[in-house]
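Undergrad: Numbering-wise, the sequence shown is residues 1 to 201 according to full-length UniProt numbering. This structure is in structure tokens; I'll ask about it shortly.
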Amino acid sequence: MSWLQQLSCAWQKTQLQRPELASMFTTPLAEQWVAIDCEMTGLNPKKHHLLSVAAIHINGNTIDTSNGMHLVCRPPVMPDRDTIVIHGLRTADVEHGMSYDDMLALLLPFIGNRPIVGFCTQLDMAFLNPLVKRYMGTSLPNEVIDLRHLYSRRISGHTQGLSGQAQHLNRILAHYNIPELGAHDAYNDAVMTAMAFLHVR
């Protein structure tokens with residue numbers, strides 16, 4: 001973590017309204033990450049809503065599939081027919097889901113201080129961070145690693161822009177002969193992201 005990141009993290013900690021989450025601001029252990037994936041009603045954080053989030057620990061070269069979580073939330077607006085065909089979550093699936101606060105009460109301790117690994121993390125963070133900030137007073141302090149950028153650097157040797165292959169998770173999976181578990185399911189996507197990360201890193 002650079003000194004600038006440390007300074008930002010220290011400032012964020014002063015905004016924390018939930019002391020029980022102070023450990024999120026400590027230095028993470030080496031070789032520990034958490035893979036995360038979210039499903040939303042759409043791609044616009046200003047008008048769409050989070051439906052589910054999945055997270056799974058990566059410890060060294062091991063994905064801890066026995067200790068993952070998949071949390072279904074109840075959004076303020078139910079998903080419509082057009083988006084149900086993408087994420088598969090119907091009104092019947094989410095209307096009894098947990099509140100965003102209840103979801104974060106489970107998710108944030110599970111994330112802890114681990115760096116977050118995801119695919120297209122900018123979008124996931126755009127949905128998660130406003131909820132997190134309302135819940136604990138500040139956004140997530142964790143380092144965020146986007147698999148797309150790691151893969152682009154690996155195959156092209158530079159960091160400018162993204163390769164066409166890196167725009168699609170299934171192309172990265174195919175490159176490493178990783179089996180697809182079924183897309184647009186938050187837990188499956190988190191597991192596949194974790195598997196790809198272990199190859200790319």
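All C-beta atoms in this analysis are idealised placements derived from N, C-alpha and C, irrespective of residue type, glycine included. Here the structure is a predicted model, which is why all the values come from computation and not from measurement.
Under the three-state reduction of DSSP, which class applies to Thr65: helix, strand or coil?
TA: Taking the first residue of the sequence shown as 1, we reach residue 65 at position 65. Of the three classes helix, strand and coil, the one that applies to Thr65 here is helix, per DSSP.
Undergrad: Rounding to the nearest angstrom, what Cα-Cα distance links Val85 and Gln122 in this structure?
TA: Reading the sequence shown from its first residue, position 85 is the one you call residue 85. Reading the sequence shown from its first residue, position 122 is the one you call residue 122. Confidence at Val85 is low in this model, with a pLDDT of 47, below 50, so the placement of that residue is unreliable and no value is reported for it.
Undergrad: Fully enclosed by the region 116-179, which beta strand (DSSP E) runs are 3 residues long or longer?
TA: As far as the region 116-179 is concerned, its whole beta strand (DSSP E) runs of at least 3 residues are 116-118, 144-146.
Undergrad: Look at Asp101 and Tyr135 and say whether their C-beta atoms are less than 9 Å apart.
TA: Taking the first residue of the sequence shown as 1, we reach residue 101 at position 101. Taking the first residue of the sequence shown as 1, we reach residue 135 at position 135. Yes, these two residues count as a Cβ contact at 9 Å.
Undergrad: CB-CB under 7 Å to Ala186, same chain, minus the five flanking residues each way: which ones, in chain order?
TA: As a position in the sequence shown, residue 186 is number 186, starting the count at 1. Answer for Ala186: Asp37, Cys38, Glu39, Ser52, Val53, Ala54, His70, listed in chain order.
Undergrad: Have a look at Asn188, Met103, Pro109, Leu147 and flag the residue whose alpha-carbon is nearest the alpha-carbon of Arg201.
TA: Walking along the sequence shown from the start, residue 201 turns up at place 201. When each option's Cα is compared against that of Arg201, the closest is Leu147.
Undergrad: So within the region 6-45, which uninterrupted beta strand (DSSP E) runs reach at least 3 residues, ignoring any that extend past its ends?
TA: Counting only runs of 3 or more, we get 32-40.
Undergrad: To the nearest angstrom, how far is the alpha carbon of His57 from that of Leu108?
TA: The sequence position of residue 57 within the sequence shown is 57, counting from 1. The sequence position of residue 108 within the sequence shown is 108, counting from 1. Between His57 and Leu108, the C-alpha separation is close to 13 Å.
Undergrad: Helix, strand or coil, according to DSSP, for Val200 in the structure here?
TA: The residue labelled residue 200 in the question sits at position 200 within the sequence shown. If DSSP states are grouped into helix, strand and coil, Val200 belongs with the helices.
Undergrad: With distances taken between CB atoms, is the gap from Val117 to Thr27 smaller than 9 Å?
TA: If you number the sequence shown from 1, residue 117 lands on position 117. If you number the sequence shown from 1, residue 27 lands on position 27. Cβ distance not < 9 Å, so Val117 and Thr27 don't count as in contact.
Undergrad: Which same chain residues end up closer than 7 Å to Leu106 when comparing Cβ atoms and leaving out the 5 residues on each side of it in sequence?
TA: Residue 106 sits at position 106 when you count from the first residue of the sequence shown. Answer for Leu106: Met69, Leu71, listed in chain order.
Undergrad: Which residue or residues does DSSP assign as beta-bridge partners of His70?
TA: As a first step, residue 70 must be located in the sequence shown, where it is residue number 70. Beta-bridge pairing links His70 to Ala54.
Undergrad: Using the rule of at least 16 other Cβ atoms within 10 Å of the residue's Cβ for burial, across every protein chain shown, is Pro179 buried or exposed?
TA: As a working note, residue 179 is residue 179 in the sequence shown. Classification for Pro179: exposed.
Undergrad: Please report the residue range of the alpha helix (DSSP H) in which Asp102 lies.
TA: For the purposes of this step, residue 102 is taken as residue 102 along the sequence shown, with counting starting at 1. Taken as a continuous stretch (DSSP letters only), the alpha helix (DSSP H) holding Asp102 covers 100-111.
Undergrad: In the DSSP assignment, what residue or residues form a beta bridge with Asn59?
TA: The residue you call residue 59 lines up with position 59 of the sequence shown. BP columns for Asn59 point to Gln32, Thr62.
Undergrad: Let me know if Val77 comes out buried or exposed under the rule of 16 or more other beta-carbons within 10 Å of its beta-carbon.
TA: Here residue 77 corresponds to residue number 77 of the sequence shown, with the count starting at 1. That one is exposed.
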